[in-house]
Every structure is written in C-alpha cells, then in structure tokens.
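To start, the structure under review is shown below, and the notes come after it.
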Amino acid sequence: MKTIPRPGGRAWRRGIAAVALAATLTATLIGTAPAWARREGQPATASIEIRRTGDGIPHVRATTWRGLGIGYGQVQAEDALCTLADAFVTYSGQRSLYFGADRKPAKRSTFGMPVNLDLDFFFKAFAGPDAVEALKREQPADLDELIAGYAEGYNRHVRSLQKSRGKGARHACSDAPWVRTIEPDDVYRRMIAAALAGGYAHFVSEIVNAKPAATAPPVSSDHLSLSSRLEIPVGDARGIGSNVLAFGQAATGERGGSVLFGNPHWYWGGPDRFYQAHLTLPGKMDVAGVSFLGIPVIMIGFNNDVAWSHTVSAARRFGLFDLVLDPADPTRYLVDGVSERMQARPVDVEVRRPDGTFEAVHRTLYRTRFGPVVDLGARNPALGWSARKAIAMRDVNASNARIFPNFFRWGQARSLDEFIQIQKQEAAMPWVNTAAIGRGDGRVWYADIGAVPAVPDDLRAACATPLSKAFAAIDADAPVLDGSRSACEWKAGQASEQPRRMPPDHMPSLLREDYVANMNDSYWLTNPAQPLTGFASILGGEGQALSMRGREGHRIASELSNAGSTSSRQLAERVMQKTQEARSYTADQFKQPLLDAACAASGQVGPTPDMRQACRILRNWSNRAGAQDRGALLWDAFWTRLQQIPAGELYAKAFSAEAPLRTPAAINAADPRVASALAGAVDDMRQKGRALDAPLGTLRFARSEGRRIPLFGGCDAEGYFTIACANEGDYTMGDRSHGNTYLQVVYFDRRGVHARTLLAHGEKETAVTNGLGAAPVVRYAKKDWLRFPFHEEDIARDPALVRQTLRP
1 MKTIPRPGGR AWRRGIAAVA LAATLTATLI GTAPAWARRE GQPATASIEI
51 RRTGDGIPHV RATTWRGLGI GYGQVQAEDA LCTLADAFVT YSGQRSLYFG
101 ADRKPAKRST FGMPVNLDLD FFFKAFAGPD AVEALKREQP ADLDELIAGY
151 AEGYNRHVRS LQKSRGKGAR HACSDAPWVR TIEPDDVYRR MIAAALAGGY
201 AHFVSEIVNA KPAATAPPVS SDHLSLSSRL EIPVGDARGI GSNVLAFGQA
251 ATGERGGSVL FGNPHWYWGG PDRFYQAHLT LPGKMDVAGV SFLGIPVIMI
301 GFNNDVAWSH TVSAARRFGL FDLVLDPADP TRYLVDGVSE RMQARPVDVE
351 VRRPDGTFEA VHRTLYRTRF GPVVDLGARN PALGWSARKA IAMRDVNASN
401 ARIFPNFFRW GQARSLDEFI QIQKQEAAMP WVNTAAIGRG DGRVWYADIG
451 AVPAVPDDLR AACATPLSKA FAAIDADAPV LDGSRSACEW KAGQASEQPR
501 RMPPDHMPSL LREDYVANMN DSYWLTNPAQ PLTGFASILG GEGQALSMRG
551 REGHRIASEL SNAGSTSSRQ LAERVMQKTQ EARSYTADQF KQPLLDAACA
601 ASGQVGPTPD MRQACRILRN WSNRAGAQDR GALLWDAFWT RLQQIPAGEL
651 YAKAFSAEAP LRTPAAINAA DPRVASALAG AVDDMRQKGR ALDAPLGTLR
701 FARSEGRRIP LFGGCDAEGY FTIACANEGD YTMGDRSHGN TYLQVVYFDR
751 RGVHARTLLA HGEKETAVTN GLGAAPVVRY AKKDWLRFPF HEEDIARDPA
801 LVRQTLRP
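Sequential numbering from 1 applies to the sequence shown in the UniProt record's numbering.
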C-alpha cells in the first residue's frame, strides 16, 4: 500500500521542497530565471540546447557562458569519455597511480610516449597548482565561466553513468576507477599541456630525469637522434602538421570574395584529437570548427564574418642556455662570475606497485633563472650535465597565458581587420602559423605572429659559445646562448604584450589578393611572388628547400589561383576537388626518368618477371593514391628506398633559392642504386605478402562498425598533399595514426558564411577502432563534403536533426 505523507511531517516537507525545486529548475530550463534568482540578480543558467545534425555534429546553444560550457563538456564526454578521462589522469600526474609506472600511454600525442612515471613528474612540475593559478589569473571572466561550465558538463555525463548502473549509454571505460569527475583546474592543466607541445614536451624524460653530474644521462623515450627529434616540431611522429590555402579576390574573380582551405594532418586518436562543434551564445558568440579534446574554445574554424586555420610553424618556441657550473658544486652555476644556486624542487608521485600496493616516488627537479636543467647527454654527449657544464631550457609558452583568450576573441571577431588586430595585440599563438579570410574582404592574411623567444640574430651572435656553434650544425634555428652572462637573457623589449617575446612587427605576416599558403615550411615562401625576408633565424629560416608536400601545395595553389574562377563559390568547388586528388608530387616529377633508367638497367642483366611487372604497374599508375589505385603501394616502397641515397647524390640539380619551386631537380636516374632500390621495393612487397598491383585501399583502410572503409592519401615524403600515414609500417588507419583530420572550405556571400567540412576520423572515439561512429568516416572516404548547417534555418531543416535539452 502506498503511504501518503502526513501534512506538516518530514516526508511531506521533503515533497514540497522537491516540487519547489522542480519548479525552479523548470523555469531555468525554459530560459526564465526563477523568482529567487530574479530577486538576487542571478542569471538563468538554462536554455542549454544540444542539436545534433548530420554525422553527429553538436550545435550547442545556451544563454550564458557557463551554460555554453556545460553543453560543450557534455557532448565531448558523450563522444570521447574514455580518451578524456585518460587525459585528465595524465595532466594531473596520476598515470602511475592508475596504470603503473613503467607503462606508456596507448595513443600518440603532442607530448610523445614517455613512460608514465616520467609523464607524472613532468605534469606535476609544469602543470601544478602554481602554474594553474598563474594561468587562471590571466583569463577573462567570460572564459573562466566557459571553462567552469565545461567541467560541470563533463561531470554531468560521468555522474549519469554512475547513476545508471549499467543501464543506458555506456563506454568501454564506464566502470574504470580512473574515470572521475573533474574540476575547472583539470581543464586549465589540459590547456597548459597544449601550450607546452612546441617546447618542454620535446624532452620530457630528459628534464625530469636530469641529475647533477650523473654517470649515465637519461635515455629519451623516442630513441631518435637529436637532429631527427628537432626536425619534428610537435609530438614524436614525422608528418604531424597541416596544409592551409587562402585565396583572395584576384583568384576568386569576385570583388570582396575569398576562400579558405584548412587541413590539419593530426592525431586520429588520443588526447589531442580534434572534436568538431558549433557553439552559440546569442548576441555574443556564434562559431563553429574544431578544438582539441578537453579545450572549450574553437581553435580552427569560422563564424559569420571570419574564417581561419593553422599549420605547425617552423619557428622555435624554446631556447637553450649554455651554463658554466661552479667547480665546487654542480648544482650551482656562474652568472657574471657570481655563483648562483639552482632551485631544487622536490616532486612526489604516487605509484601503484604490481602487487597492488602503493608507494610515493621522490625526485628532485632542478631549475635555473633561465629554466629547468635538461640533460641531453644520451642524444649528444656534449649536451649532458657534467661537473662543469649543463644546459638549461626555456619554453616561451610556459608563461604564455594568452593563448586561449586569443582563440576566444577570434570566435567573436567581426572582420578580418579585427581578427588581425587581435592576433597582434595578443601575440600569443603557441606554435602555429595562421591564415584567415573575412566576409566582404578580398584580401587574405598569413602570419606567424605569436609567442616566439625574443632572440634576434645580433643577440645570438653576441652570446654564442663553442657549444652554440656546434649545436647550429644540428639545428640552425634553436638558439643556444651563453648562460654565464646576464646580458644573454632573451631581450625584454617593450613592444610585445608579453615580456621577452618577439614583438609582432618583428614577425612575418602578409596580406595578398591572390593567395597565401603554408605546408609547414618556412614563412619565407608564403607567396612566391613576395618572399618574406629579413627576419630572425629563430623564426624558421629563409632560402631553404621546401618539402615535396610544400611544392605540391604551391602547385595546387597556383593552378587554382589561375583557374579563371568568377565567384568564391565556384573556386570553393574547385578547391574541394583539387585538394583531395591525392597526387604524388615525387611521382609526377621523377617517375618517368626513374623508370626509364631502372627498367632499362634491369634489362641489361635479364629482367626478372617481377621487375617487368613492377615497371609495367608503375608506368600505368596514375600517380595518385586513391583507394582503388594500383601502383601507389609499390611507389611508396620504391621512394622509401630512394631516400636512403643522399640528396646531393640523388639529384643532379641542387636546391636553389632562385628557383625554390623547381629544385632540387633532374634526378640521377642512371645511378645503379636506383635500379637496386626498385628491385629492393619488389622484394619488400613480396616478403610482406603484398601483390605488386594491390589497390591502395586493400591496405589503407579504417575499421568502423565491423567493416573496412578503404581510404586515400599518402605520407609526406612521397609528396602527397592529401595525408594518410599509419606511422607503424602498417597502412591501417586507426587511433594511433595521423593524417587528414578536420577539413574545411569556407567562403562568404551576402547571406553570410558557407562552409563545407569533413572529419576524417569522426566525432566518436570509437569511430576508427571498429566501434560506433562510422558515418563521418564513410563521408570522408567518399570525399562527400558536408554542407555545414551554420544558420538557424539550416540546422532546423537538417534531416538528421536530433534535439536535446539538458535537464537537471
């Protein structure tokens, strides 16, 4: 029998309170503040609406910044909870507690793949309470509210799983002990991790394992040579980067018309994977695009007035200082002849032993006035911490608190001029180039304006040491300054918003009406008709050879710029088609002479059936890496072996800054090593059980929802503009791969913004691990660009529209 509460009793009072609370929350939900909130001047936190359109893209609309953050945290958690939860454990320095000290993260990221214990010490040291508080102090109040809301929205989803007890939505990690609720500080730690990707994250193990005058230097996690490590600007995988092309009115044929193509080649899994969304706070912000998981602001995207994209910059975001140590104590160093003690910071990490018990592991990390000590002795003995010498490292972004306020402001920009002004005012971009266009503006913008150490070439020359000169042979861009002289500090110019940063007017930028382009090469050839010169060498160098992908990108840009388009829309259609052709620049340039020589040479000794077949396959190949193309796999194997021949011997015509888009050229096809390379490629494929004429898609595919989805594209080295690179010697594209991720083609007309997008790896973390979320992966494989529903009427009529209103 149901018991009716006695009026005035405790149960009755609880019931009345529940009804009152429900009324209050209902009022909040429909966007009207309840009476108590109106009396106290509190804003309504309601009207948080999530609308999902085609491919599951969330459009979050709210009436407050906090509400917008709640919606965004909720949808990211719904689609990528396990990845996010794992990442928040990482940034809080607790991997050893949950996963064991000696294991490594399962997915690649911008901080590489050090062992868990090293990562824990790193994030305890550089994303600890002091760093979080310093970052928080510099954030605008609205962004603080957005961040707090994001944590709340993430927690809503976590708590709903905990309450469901196995019913309803589930994740593979739903019952894992490391899936926990978070605080806003967890989001700030995640922001710090993103900032450090171009600096300290290069040498995690070498920083946290540095010990005074150690007999054995710390071993790096990636086992690359120092030069190879520094050739990778972010993360530890070759090829991480992006393409960007922006076309102005001279290319569109439309006065005030412009088109932007953005195309990051990024991680398909792990904490730095991109997430696509649309965030709307009426009257304040209406912006769409992508952000890293765990970041509540759009980082690449568009609103109704501007659009922008990024590529990883060639500039160095860190510098080294050559220290002379006090002969009496290797933890003291000399500055202007005065002995100065290093700051010895004890750090503790809790570790779970194999037997399930726990222990605290202690280390001491050492810091100088220039930055932490880094022991690179395992990579190069001259860079180790000895009794007399040590190296200190400074990351310009360790104190760069303006990165996300910059993105936050861009999302609200109303013109290209305002966008440019924000970039110059903040000077905060951490390790990327920027290209942008604006509504009704026929110009296109490129800039590598951001946080760069204030190290002009005259300071570098005045503060050089013998070690500086030796290091320049390894890496010509990163400065090594004399740490024994206070005069060799980075300059403290007044023109920069942030101390010891390069002033904006000392960094490269360009406005054009034809095109600007960057494919991770130097700023130097943003547009070949107007080379950018005269900048400090720390910014990435001038007069240097472009990558083969860079040459292909400029070929595409030039062709499109001169295609005779009559409108932005027409050029946008051409951009969508041309950028996904997946042509191999190396094959276009060099295949014919290589085959003429290699195939003839093999005939002199009696061609084998395999060699005859290989020559026939490559001659018939279209030079494209489409899923059905036969020959792309063989060319990859052939070109990989050719790269073992030094460039000075492989090419008859060396690189010339006078002809940067045509050199190096004239390949030495008659070199006997060329024929040997082709024979070796044939043997490689046979040994791996691969048919010489196998279609690319039989090996390059993603697994999603129980099926194989054949894909297109190739790696940087072969000169593909369209990137798909598994990175493990395996062509299968999964959550350890990198390649095309988010793609956008954007233009404007009188109605406002028009965008076509693709998200190659999908929204859900399971989409390329044979789980749910195949739709956007299939779309990408078909090159079926999504007409992005940005305007309210477009969202309302989207055939896949699903609405959700967040309820208490």
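In this text, a Cβ means the ideal position worked out from N, Cα and C, and glycines have one as well. Bear in mind that the values here come from a model prediction, so they are computed numbers and not experimental data.
Between Arg352 and Tyr150, which are expected to be in contact by the criterion C-beta below 8 Å, what is the C-beta distance as a whole number of angstroms? In the sequence shown, the residue the question calls residue 352 occupies position 352. In the sequence shown, the residue the question calls residue 150 occupies position 150. With 8 Å as the limit, Arg352 and Tyr150 do not qualify as a contact, their Cβ atoms being about 29 Å apart.
Contact set for Arg332: own chain, Cβ-Cβ below 8 Å, skip 5 residues either direction: Your numbering for residue 332 matches position 332 in the sequence shown. Cβ-Cβ distances below 8 Å link Arg332 to Leu325, Asp326, Ser339, Glu340, Arg341, Met342 in the same chain, with the five nearest sequence neighbours on each side left out; the list follows chain order.
Are the beta-carbon atoms belonging to Asn520 and Thr311 less than 9 Å from one another? Stepping through the sequence shown from its first residue, residue 520 is reached at position 520. Stepping through the sequence shown from its first residue, residue 311 is reached at position 311. Yes, the pair counts as a contact, with Cβ atoms nearer than the cut-off.
Starting from Arg671, trace the beta strand (DSSP E) both ways and give me its first and last residue. Taking the sequence shown and counting its residues from 1, one reaches residue 671 at position 671. At residue 671 the sequence reads Asp, which differs from the Arg that was named. Here Asp671 belongs to no beta strand (DSSP E), and DSSP marks it neither H nor E.
Give, in chain order, every unbroken run of the alpha helix (DSSP H) that is at least 4 residues long and sits entirely within the stretch 346-424. 403-410
Would you give the residue range spanned by the beta strand (DSSP E) that Phe247 belongs to? Stepping through the sequence shown from its first residue, residue 247 is reached at position 247. Phe247 -> beta strand (DSSP E) spans 241-247.
Nearest candidate by alpha-carbon position, reference Ala427, set Tyr200, Arg501, Gln592: To locate residue 427, count along the sequence shown from 1; it is residue 427. Sorting Tyr200, Arg501, Gln592 by C-alpha distance to the C-alpha of Ala427 places Arg501 at the top.
In this structure, does DSSP put Asn740 in helix, strand or coil? One-based indexing of the sequence shown puts residue 740 at position 740. In this structure, Asn740 counts as strand in the three-state DSSP scheme.
Are the beta-carbon atoms of Ser205 and Ser220 separated by less than 9 Å? The residue you call residue 205 lines up with position 205 of the sequence shown. The residue you call residue 220 lines up with position 220 of the sequence shown. For Ser205 and Ser220, yes; Cβs fall inside 9 Å.
Excluding the 5 residues preceding and the 5 following Pro504 in the sequence, name in chain order all residues of the same chain whose CB lies nearer than 6 Å to its CB. Counting from 1 along the sequence shown, the entry for residue 504 is found at position 504. Cβ neighbours of Pro504 beyond the five flanking positions: Lys424, Ala427, Ile449.
Determine the extent of the alpha helix (DSSP H) in which Gly648 is found, giving its start and end residues. Numbered from its first residue, the sequence shown carries residue 648 at position 648. Gly648 -> alpha helix (DSSP H) spans 647-650.
Beta strand (DSSP E) segment containing Thr331, residue limits: In the sequence shown, the residue the question calls residue 331 occupies position 331. Judged by DSSP secondary structure, Thr331 falls within the beta strand (DSSP E) whose first and last residues are 329-335.
If you draw a straight line from the alpha carbon of Tyr154 to that of Ile437, how long is it in whole angstroms? Along the sequence shown, one-based indexing puts residue 154 at 154. Along the sequence shown, one-based indexing puts residue 437 at 437. Their Cα atoms are separated by approximately 33 Å.
Indicate whether the contact test is met: 3 or more Cβ pairs, each with one atom in the stretch 467-476 and one in the stretch 773-793, closer than 8 Å. A contact is defined here as three or more CB-CB pairs under 8 Å, and the stretch 467-476 fails this definition with respect to the stretch 773-793.
Counting Cβ pairs, one atom from each stretch, are 3 or more of them under 8 Å apart for the stretch 758-773 and the stretch 67-84? Contact between the stretch 758-773 and the stretch 67-84 is present: three or more C-beta pairs spanning the two stretches fall below 8 Å.
Own chain residues within Cβ distance below 8 Å of Pro453, not counting five before or after: The residue you call residue 453 lines up with position 453 of the sequence shown. So the qualifying residues of the chain are Arg316, Arg317, Phe318, Gly319, Arg394, Val396, Pro479, Trp490, Arg500, Arg501, Met502, Ile538.
Residue range of the alpha helix (DSSP H) that includes Arg229: Walking along the sequence shown from the start, residue 229 turns up at place 229. Residues 226-230.
Buried versus exposed call for Asn620 [16 or more other C-beta atoms within 10 Å across all chains shown]: For the purposes of this step, residue 620 is taken as the residue at position 620 of the sequence shown. Exposed.
Per DSSP, Ser704 forms a beta bridge with which residues? Here residue 704 refers to the residue found at position 704 of the sequence shown. Per DSSP, Arg707.
For the alpha helix (DSSP H) containing Pro609, list its first residue and its last residue. Position 609 of the sequence shown holds residue 609. Where Pro609 is concerned, the enclosing alpha helix (DSSP H) starts and stops at 609-620.
For Lys167, which residues of its own chain have a beta-carbon under 7 Å away from its beta-carbon, when the five flanking residues on both sides are left out? Residue mapping note: residue 167 aligns to position 167 of the sequence shown, counting from 1. Excluding positions up to five away in sequence, the list is empty.
Supposed contact pair Ile474 and Ser227 - C-beta distance, whole angstroms, cut 8 Å: For the purposes of this step, residue 227 is taken as residue 227 along the sequence shown, with counting starting at 1. For the purposes of this step, residue 474 is taken as residue 474 along the sequence shown, with counting starting at 1. With 8 Å as the limit, Ser227 and Ile474 qualify as a contact, their Cβ atoms being about 5 Å apart.
Take Phe203 and list the residues in its own chain whose beta-carbon comes closer than 6 Å to its own, dropping the five residues that flank it on each side. Indexing the sequence shown from 1 puts residue 203 at position 203. Same-chain partners within the cutoff: Val374.
Thinking C-beta only, is Gln276 closer than 9 Å to Gly289? Walking along the sequence shown from the start, residue 289 turns up at place 289. Walking along the sequence shown from the start, residue 276 turns up at place 276. Closer than 9 Å, so yes.
Quick check on DSSP: helix, strand or coil for Val75? Counted from its first residue, the sequence shown places residue 75 at position 75. Helix at Val75.
Across which residues does DSSP place Gly301 in a beta bridge pair? As a working mapping, residue 301 is identified with position 301 in the sequence shown. DSSP lists Gly289, Trp308 as partners of Gly301.
Alpha carbons only, please: which of Arg388, Ala598, Lys688 is nearest the one belonging to Ala213? To locate residue 213, count along the sequence shown from 1; it is residue 213. The shortest C-alpha separation from Ala213 is found at Arg388.
Name the DSSP beta bridge partners of Thr757, please? Taking the sequence shown and counting its residues from 1, one reaches residue 757 at position 757. Bridge partners of Thr757: Gln744, Leu786.
Asp355 classed as buried or exposed, judged by whether at least 16 other C-beta atoms fall within 10 angstroms: As a position in the sequence shown, residue 355 is number 355, starting the count at 1. Exposed, since its Cβ has fewer than 16 Cβ neighbours within 10 Å.
Are residue 814 and Phe247 closer than 9 Å when you measure CB to CB? Because the chain spans 1 through 808 in this model, residue 814 falls outside it and cannot be assessed.
Quick one: what's got a C-beta closer than 7 Å to Gly239's C-beta in the same chain, skipping five residues either side? Here residue 239 corresponds to residue number 239 of the sequence shown, with the count starting at 1. If we look at Gly239 and ignore the five residues flanking it on each side, its Cβ neighbours are His265, Cys715, Asp716, Ile723, Cys725, His738.
From Ser567 to Arg255, what does the alpha carbon distance come to, in whole angstroms? For the purposes of this step, residue 567 is taken as the residue at position 567 of the sequence shown. For the purposes of this step, residue 255 is taken as the residue at position 255 of the sequence shown. Roughly 9 Å between the two C-alpha positions.
On the DSSP bridge assignment, give the partners of Ala216 in chain order. Here residue 216 is taken as the residue at index 216 of the sequence shown, counted from 1. In DSSP, Ala216 forms no bridge with anything.
Tell me whether Glu552 sits in a helix, a strand or coil according to DSSP, three-state version. As a first step, residue 552 is located in the sequence shown; it is residue number 552 there, counting from the start. Looking at Glu552 - three-state DSSP - the assignment turns out to be helix.
Cβ-Cβ distance between Ser386 and Pro456 below 9 Å: Here residue 386 refers to the residue found at position 386 when the sequence shown is read from its first residue. Here residue 456 refers to the residue found at position 456 when the sequence shown is read from its first residue. Taking 9 Å as the Cβ cut-off, Ser386 and Pro456 do not qualify as a contacting pair.
Nearest to Gly199 by alpha carbon, out of Ser164, Asp175, Asp236, Gly384? As a working mapping, residue 199 is identified with position 199 in the sequence shown. Selected option, being the one with the closest Cα: Asp236.
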